[in-house]
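K.L.:
Position one of the sequence shown corresponds to residue 1 (full-length UniProt numbering), numbered consecutively onward. First, the structure itself, so that you have it in front of you.
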Amino acid sequence: MQYLHAVALVVPDYDAAIGFYCGRLGWQLAEDIDQGRKRWVRILPPGASQGSLILARAEGPEQEAAIGSQFGGRVGLFLASDDFASDHAAMQDQGVLFEEAPRHEPYGTVAVWRDPFGNRWDLIQFA
1 MQYLHAVALV VPDYDAAIGF YCGRLGWQLA EDIDQGRKRW VRILPPGASQ
51 GSLILARAEG PEQEAAIGSQ FGGRVGLFLA SDDFASDHAA MQDQGVLFEE
101 APRHEPYGTV AVWRDPFGNR WDLIQFA
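Set out below in structure tokens:
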């Protein structure tokens, strides 16, 4: 058996990213392990037991330039919801920037949003 454990997301600062995802969006801080010059920071969306993000602080100009554009300007992260309307409203209440109104596609209800670092996400409830 194989499964995708985590995806690394390059961010400018660990604590700012934890503050947004865990503080504002209610994600779970699963691990925050000091490794000297860097930290192992793993977070999970509310209610999730797997499928985590590793928050990776940028080191050097090349990684700093990748912040917010790791997916070439495309949506690169997909946050699945079992209650789109409720999650969408809660995220808006927390000041999350949605690029569009929710739309209905054959695969489900979706809206594109950005985190404070410029990463584009889909909030999606599958049909």
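Yeah, the Cβ is synthetic: ideal placement off N, Cα and C, and Gly gets one too.
1. What are the boundary residues of the alpha helix (DSSP H) that includes Ala66?
2. Run through the stretch 19-62 for me and flag every whole beta strand (DSSP E) of 3 or more residues, listed as ranges in chain order.
3. Please classify Trp113: is it buried, with 16 or more other beta-carbons within 10 angstroms of its beta-carbon, or exposed?
4. Can you say whether Phe126 is buried or exposed, counting buried as having 16 or more other CB atoms within 10 angstroms of its CB?
5. Measure the C-alpha to C-alpha separation of Asp87 and Leu55 and round it to an integer number of angstroms.
P.N.:
Straight from the coordinates:
1. Taking the first residue of the sequence shown as position 1, residue 66 is located at position 66. It spans 61-66 - the alpha helix (DSSP H) in which Ala66 sits, taken as one unbroken run.
2. 28-34, 39-44, 52-57
3. Taking the first residue of the sequence shown as position 1, residue 113 is located at position 113. Buried, because 16 or more other Cβ atoms sit within 10 Å of the Cβ of Trp113.
4. For this step, residue 126 is matched to residue 126 along the sequence shown. Flag for Phe126 reads exposed.
5. To locate residue 87, count along the sequence shown from 1; it is residue 87. To locate residue 55, count along the sequence shown from 1; it is residue 55. Taking the straight line from one Cα to the other gives about 22 Å.
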